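Since the structure comes first, as C-alpha cells, the remarks are kept for the end.
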Ligand SMILES: Cc1cc2nc3c(=O)[nH]c(=O)nc-3n(C[C@H](O)[C@H](O)[C@H](O)COP(=O)(O)OP(=O)(O)OC[C@H]3O[C@@H](n4cnc5c(N)ncnc54)[C@H](O)[C@@H]3O)c2cc1C
C-alpha cells in the first residue's frame with residue numbers, strides 16, 4: 001500500500017532526476033481539525049515533532065483543551081519515516097535504546113518496545129570496513145579492527161580526567177550545579193573546543209586514527225572542529241555510561257521495526273482521541289501575551305489567523321526561533337542564544353545500490369563530503385540499502401541542486417553503482433535550518449538554563465536544549481513531558497482558584 005506524499009524530502013534517480021516530495025504515513029489527512037477558532041484554548045502547542053506531540057498528548061489526556069499548530073503537512077518534525085517499495089527509510093532521528101527513558105516509556109506505552117530491528121545485516125562480521133584517510137593508503141579491515149581503532153581514539157579524546165569524565169560529568173542530565181562538580185569547573189571545561197582537545201592528544205594517534213577521530217567527531221556534531229565543544233563529547237560519553245563499549249549499541253544499533261513515524265502516529269492518535277484539535281501546513285508567525293493582565297496569549301499564523309490560549313508550548317527548533325516574533329520581547333540572553341544558534345549542518349543520504357558486496361560494508365573517508373557509509377539492509381528487489389553521513393558542507397554540497405555530487409561522494413567512499421537516492425536536506429529546510437542541536441564551546445554553561453526557562457505563559461520545549469539527551473528523540477519527549485507537567489499544574493491551580501471564587 002502506498003503512503004500519502006509529504007512535500008518534504010527529495011528522491012533522485014538517473015532517469016527522472018531530483019523530485020521533491022516523499023511518501024510517508026506521517027502526513028495528516030485531513031490536515032485540519034479546528035472546531036472553533038473563537039474559543040480560548042487551555043494550551044496551544046507550536047510544532048508537531050516529538051516534543052510537540054508529547055506535550056499535546058499529555059495535556060489533552062489531562063482534560064485540557066489543546067490546539068496543535070504545525071508548519072509542515074506532517075507529524076514528526078526532524079524524525080519521520082519514508083516508505084518506498086515496501087522498505088522504510090528513516091530521514092532524521094532513527095536509533096533507539098532503552099537507555100533513553102522518556103523514549104522507552106513511549107515505546108512500551110504503545111507496545112513497540114520489542115518490535116526492533118538492527119542496523120546492518122545478520123553476520124555483519126563476515127563483511128568488511130574501508131578506511132581512507134588523506135595521506136594514508138586506503139585499505140580494507142575488519143569491523144572489529146575499525147571499532148577498536150575508533151574506540152582507542154575516542155577514549156583518549158574524552159578521557160580528560162583519567163576517569164572517563166566521571167569526575168566532570170557524573171550526571172549528564174544535570175550538567176550544571178550537580179551534587180558532585182561545582183559550576184565553575186564545568187564552565188571552565190565548557191570553553192574548550194574539539195580542535196583544542198585534538199591538538200593535545202593527536203601525537204598519541206596514528207594518521208589513520210586521527211582521521212577516524214576527527215571524522216567521528218564531525219559526524220556527531222555536524223559542525224567543524226573549532227565550533228564543536230569538547231563538553232558535548234564528554235556529555236555524550238557520560239550518556240554512554242562513560243564507556244565506549246556502549247557506543248554502537250546505544251547510538252547506532254536498534255531501530256523501530258515499523259518506523260519512527262508509527263510511534264509518532266500512535267502518540268498523535270492518542271491525543272486526537274483525547275480531544276486534540278490541530279492545523280497542519282500552518283506556520284506560526286508570532287506569539288503575543290499581555291503579562292500585566294495575564295490575559296490569554298494570541299498566536300498568529302503567517303496566513304493571518306489568530307488563536308488564543310492560556311498557555312503556549314513553543315517547540316520551534318533553536319535555529320528557527322529567530323523567525324517567530326515574541327511580544328513582549330524575549331530576554332537579551334535568549335535572543336543572543338538564538339542569534340548564535342547551534343552548529344549542526346549535517347547531511348544524511350540514503351542510497352539504493354546494485355552492489356551485493358556492500359550489504360555488510362561500513363566505511364569512512366576523510367576528508368569527504370560524505371564521511372561515513374553504512375550497509376543497512378537489503379531491499380525487496382535485492383538491491384542494497386546504504387545510509388551515508390557528512391558534516392557541514394553547506395557552501396558546496398546541496399544534493400537537491402547537485403545530486404551527482406552526492407553520487408560522487410558515495411562513490412568516493414567505496415566504488416558503487418548508485419540506483420537512487422532518498423534524502424531530506426535539514427540545512428536548507430526552513431523549519432529546521434540544521435540537524436539536531438550540537439553546541440559551540442561555552443554555549444552550554446551560558447545559555448542552557450535560559451533556553452530551558454519559560455517566558456511568561458510561553459514554555460519552550462525542544463530536544464535542542466533538553467537536559468540529558470539533547471539532540472535526540474528522548475530529549476524531545478523529555479521536554480514535551482516537562483512542559484505539559486508544568487502547564488497542567490498551573491492550569492489546575494487556576495481552575496481551583498476560580499472554583500473557590502465562585503463559591
Ligand atoms: C539526520 C538526523 C539524524 C538523527 N538521528 C537521531 C537518532 O538516530 N536518534 C535520536 O534519538 N535522535 C536523532 N536525531 C535527532 C532527533 O531527530 C531530534 O532531536 C528530534 O526529532 C527533535 O524533536 P523536536 O520535537 O524537539 O523538534 P522537531 O522535530 O524539529 O519539531 C519541531 C516542529 O516545529 C515545526 N515548526 C518550526 N517552525 C514552525 C512555525 N513557525 N510554526 C509551526 N511549526 C513550526 C517544525 O516543522 C517541526 O515539525 C536526528 C536528527 C536528524 C536531523
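Residue numbers (the UniProt record's numbering): 1 to 503.
C-beta: ideal position from N, C-alpha, C; glycine also.
For clarity, every value in this text was computed on a predicted model and none was experimentally measured.
- Note on residue 497: under 16 other CB atoms within 10 angstroms of its CB, so exposed under the neighbour-count rule.
- Residues 23 of the same chain have their beta carbon placed closer than 7 angstroms to that of residue 2, with the five preceding and five following residues left out of the count.
- Counting C-beta pairs closer than 8 angstroms gives three or more between the region 362–371 and the region 382–395, which meets the contact rule.
- Between residue 133 and residue 366, the C-beta gap is smaller than 8 angstroms, which places the two residues in contact.
- If one requires a minimum length of 4 residues, the alpha helix (DSSP H) runs lying completely within the region 85–115 are 101–109, in chain order.
- Contact fails between the region 115–132 and the region 336–354, because fewer than three Cβ pairs, one in each stretch, are under 8 angstroms apart.
- If you ignore the 5 residues before and after residue 407, its C-beta comes within less than 6 angstroms of the C-beta of 418, all in its own chain and listed in chain order.
- In this structure, residue 202 keeps its C-beta atom at 8 angstroms or more from the C-beta atom of residue 491.
- A Cβ-Cβ separation of about 15 angstroms leaves residue 53 out of contact with residue 279 under the 8 angstroms criterion.
- Within the chosen limit of 7 angstroms, ligand 1 does not reach the beta carbon of residue 32 with any heavy atom.
- Scanning the region 209–295 for uninterrupted alpha helix (DSSP H) segments of 4 residues or longer gives 230–239, 260–273, listed from N- to C-terminal end.
- Bounds of the beta strand (DSSP E) holding residue 66 are 66–69.
- Around residue 479, the same chain offers 51, 461, 462, 463, 466 as residues with beta carbons nearer than 7 angstroms, after the five sequence neighbours per side are excluded.
- Taking the C-beta atoms as reference points, residue 239 is found nearer than 8 angstroms to residue 468.
- Residue 223 and residue 439 have their C-alpha atoms spaced approximately 9 angstroms apart.
- With a cutoff of 7 angstroms, residue 421 does not count as near ligand 1, since its C-beta is closer than that to no heavy atom of the ligand.
- Assignment of beta-bridge partners to residue 12 by DSSP yields 18, 421.
- Straight through space, the alpha carbons of residue 454 and residue 331 are spaced by roughly 10 angstroms.
- Within 10 angstroms of the beta-carbon of residue 257 lie fewer than 16 other beta-carbons, which makes it exposed.
- Judged by their CB atoms, residue 89 and residue 309 are not nearer to each other than the 8 angstroms cut-off.
- Take the alpha-carbon of residue 81 and the one of residue 263: they are about 10 angstroms apart.
- When DSSP assignments are scanned along the region 27–84, the uninterrupted stretches of beta strand (DSSP E) that are 3 or more residues long and fall wholly within it turn out to be 40–46, 66–69, 81–84.
- Residue 375 carries a strand assignment under DSSP once its states are collapsed to helix, strand and coil.
- Under the three-state reduction of DSSP output, residue 198 falls in the helix class.
- Between the region 105–112 and the region 71–81 there are fewer than three C-beta pairs closer than 8 angstroms, too few to call the two in contact.
- Judged by the Cβ position, residue 322 fails to qualify as a neighbour of ligand 1 at the 7 angstroms threshold, every heavy atom of the ligand being at least this far.
- Secondary structure at residue 362: strand, using DSSP grouped into helix, strand and coil.
- Less than 8 angstroms divides the Cβ of residue 339 from the Cβ of residue 322.
- Straight-line measurement puts the Cα of residue 160 at about 14 angstroms from the Cα of residue 195.
- Sorting 162, 426, 502, 25 by C-alpha distance to the C-alpha of residue 265 places 25 at the top.
- Taking C-beta separations shorter than 7 angstroms and ignoring five residues to either side along the sequence, the partners of residue 29 in its chain run 4, following chain order.
- Among the bridge pairs identified by DSSP, residue 459 is matched with 313.
- Per DSSP, reduced to three states, the secondary structure at residue 445 is helical.
- Scanning its chain for C-beta atoms nearer than 8 angstroms, with the 5 sequence neighbours on each side dropped, one finds around residue 337 the residues 318, 443, 446, 447, 450, 451, in chain order.
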